[in-house]
Each structure stands twice: as C-alpha cells, then as structure tokens.
Amino acid sequence: SLSHAIKSVKESLRGIPNKGFGYGVLKYLTAAEHKSNLGFDAHPDIVYNYLGQFDQDVATETFESSPLGTGSEEQA
Numbered sequence: 001s002l003s004h005a006i007k008s009v010k011e012s013l014r015g016i017p018n019k020g021f022g023y024g025v026l027k028y029l030t031a032a033e034h035k036s037n038l039g040f041d042a043h044p045d046i047v048y049n050y051l052g053q054f055d056q057d058v059a060t061e062t063f064e065s066s067p068l069g070t071g072s073e074e075q076a
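So the sequence shown is numbered by full-length UniProt numbering: it starts at 1 and just counts up by one.
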C-alpha cells in the first residue's frame, strides 16, 4: 500500500548515518582500491536526460540513443 511504502522510505532515510554527511568523502576522496567493498562501482540500469542535450555525453560514449520512438510531445 502507499502508506506502507511511505513509511518504509522514511525509515530507510532515518537509518542513514549523519543524514548522509560522509557520503561525498567516501565516494570522491577514498582511494579506488578501498571503494570496491562500498558499492560505488554499481551503475544504474537506466538514466534519464530531462534536458535533452547529449552533445558532450555522446562524445564520451556514456549514453546511447534509444531506437524506440519518443511518442507524442506535450508542453508542460
């Protein structure tokens, strides 16, 4: 149910030590050989590009365009 999902997310967020304050230190200042046990090598299965700009990302081959159609466009 929705109320159970909200409660579960709140409990998960409350369980993050120091409200996530040390995350940046661990992710960006920890040596690579120590990161493998921390789960920073995980990559998302899907990434959304809300701005629709791929110029720099395509050059680095980080993203690839989907062959699927975009569907109808609507203004927000």
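Virtual Cβ for every residue (Gly too), placed ideally from N, Cα, C.
For residue 6, the uninterrupted alpha helix (DSSP H) run begins and ends at 2 to 14, by DSSP. The DSSP-derived three-state label of residue 23 is helix. In the structure shown, residue 17 falls within a helical segment according to DSSP collapsed to helix, strand and coil. Rounded to whole angstroms, residue 38 and residue 32 show a C-alpha spacing of 10 Å.
Distance from the CA atom of residue 73 to the CA atom of residue 29, rounded to whole angstroms, is 42 Å. In the three-state reduction of the DSSP assignment, residue 73 falls in the coil class. Our two residues, residue 17 and residue 47, have alpha carbons roughly 27 Å apart in a direct line.
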